[in-house]
Every structure is written in C-alpha cells, then in structure tokens.
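This report concerns only the one structure given below.
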Amino acid sequence: EGALRRIEDLAPIWKATSVSSPSAAPQQTLTQVARLASEKGELEAMLETLQACGLMADWTLEAVLIEAVQAANEAIVRKVQELATESKIDLTPASYAALLRNSSNAAGAKRIFNEAVSKGSVSKSLLLAAAETALASQDAELAECMLKSITPCPSTEVAAAAV
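If you're matching positions, the sequence shown starts at 1 in the UniProt record's numbering and goes up one per residue.
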C-alpha cells in the first residue's frame with residue numbers, strides 16, 4: 001500500500017520526465033514497486049493506481065506484465081494486454097518476450113511473435129525468447145520465423161540460440 005502511494009507521489013515527476021530524460025531511475029523504481037506489489041498480491045491495485053495517475057505507458061505496463069508473468073498471474077497478464085489494446089499502447093520488446101515465454105501453446109507463441117515483428121519490436125530479448133520457446137515446444141515453425149527475423153549481425157547470444 002505504501003509503495004502504491006509512492007506511485008501517486010511520483011506520478012507528476014514521471015509524466016514530466018519519462019520521455020525526455022535518459023535516466024532509467026523511473027523504470028527501475030517502478031520495477032521494484034511492481035515486484036513488491038506482486039509479492040503482496042497487489043498487481044491489480046497497482047494497475048488501478050497507474051490508471052488513476054495517468055501513467056498508462058509502455059514502460060509502466062512492461063513492469064507489471066513482467067511481474068505478472070513471473071508470478072504466473074494469468075488474470076493480470078490478460079488485464080495488461082486488454083489495457084494496452086484499449087489505451088492503444090504498443091507493448092515493448094521486453095513485454096512481448098515475457099508474453100512469448102508465457103505462451104501456453106505453439107499457435108499462441110507464433111501469434112505473439114508475429115505481432116511483435118509487425119510492430120517493429122524485434123529485439124535481442126524477443127529473439128532469445130522465441131528461440132527458447134521454439135526449442136522447449138519443439139516448434140520448427142516458430143524457430144523458422146525467429147531465424148527470418150535475425151538481423152545480418154546478430155548478438156553472440158542470438159547467434160548461439162539460432163544454432
């Protein structure tokens with residue numbers, strides 16, 4: 001509860017600086033608040049606080065989504081996806097990677113991966129998540145989609161995952 005009040009206190013500052021500031025402090029702070037909220041079963045209350053404070057943004061939804069995935073809180077995962085759609089907020093590459101790792105079937109994983117690619121959210125984290133998911137589910141089609149999305153000079157980790 002105290003952490004959620006902290007969001008209310010910091011909201012005006014975060015809204016003013018989140019786009020213009022190169023600082024990662026707001027994201028790091030919000031990630032810690034999301035972790036605490038998850039541990040206390042308050043991710044839904046955190047989402048409500050973010051909405052009430054006008055802090056519905058890709059980076060705020062990412063923090064909640066990643067914690068919801070790690071806690072296997074499917075209701076909050078769905079809620080974040082719905083809010084992103086309703087608010088016309090594009091998910092971040094890290095959000096798509098979390099969703100990909102959380103997918104329960106090959107069709108869902110491919111849909112998530114293709115959506116991320118279509119929105120230009122191809123990143124190292126997404127490609128690694130696709131490789132892990134394809135390997136774990138023995139999904140050759142997802143692996144092929146992942147391989148087609150690799151840039152000409154991939155990172156060492158992505159290149160190793162592709163092999």
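Note that beta-carbon positions come from the ideal geometry of N, C-alpha and C, so glycine has one too.
First and last residue of the uninterrupted alpha helix (DSSP H) at residue i
i: ASN102; result: 93-102
i: ASN105; result: Where ASN105 is concerned, there is no enclosing alpha helix (DSSP H), given that its DSSP letter is neither H nor E.
i: GLN32; result: 25-39
i: ALA140; result: 140-148
i: TRP76; result: The sequence shown places Ile at residue 76, not Trp. 74-86 is the span of the alpha helix (DSSP H), which, as asked, contains ILE76.
i: ILE66; result: 58-70
i: LYS119; result: Careful: LYS119 lies outside any alpha helix (DSSP H) and carries neither H nor E.
i: THR49; result: 43-52
i: THR133; result: 124-137
CB-CB length for residue i against residue j, believed under 8 Å
i: LEU100; j: VAL80; result: At roughly 14 Å, the Cβ-Cβ gap does not stay under 8 Å, so LEU100 and VAL80 are not in contact.
i: ILE89; j: ALA57; result: 7 Å
i: SER103; j: THR133; result: 6 Å
i: ILE76; j: GLU48; result: Actually they do not touch by this definition, with Cβ atoms about 11 Å apart.
i: LEU50; j: ILE7; result: 7 Å
i: ALA84; j: SER38; result: With 8 Å as the limit, ALA84 and SER38 do not qualify as a contact, their Cβ atoms being about 18 Å apart.
Cβ shell of residue i (< 8 Å), same chain only, five flanking positions each side left out
i: GLY54; result: ALA11 and LYS15
i: GLU157; result: LYS124 and LEU128
i: ASN114; result: CYS145
i: ALA34; result: LEU43, MET46, ALA63, VAL64, ILE66 and GLU67
Own chain, CB closer than 6 Å to residue i, minus 5 neighbours either side, in chain order
i: TRP59; result: GLN27
i: LEU65; result: VAL80, SER95 and ALA98
i: THR92; result: ASP58 and GLU62
Same chain, Cβ closer than 7 Å to residue i, neighbours up to 5 away in sequence not counted
i: LEU36; result: ALA3
i: LEU142; result: ALA106, ALA109, LYS110, PHE113, ALA130, THR133 and ALA134
i: ASN73; result: LEU43
i: SER149; result: VAL117, VAL122 and LEU127
i: LYS119; result: ASP90
The segment 96-116 touching the segment 125-142, judged by at least three CB pairs closer than 8 Å: Yes, they touch.
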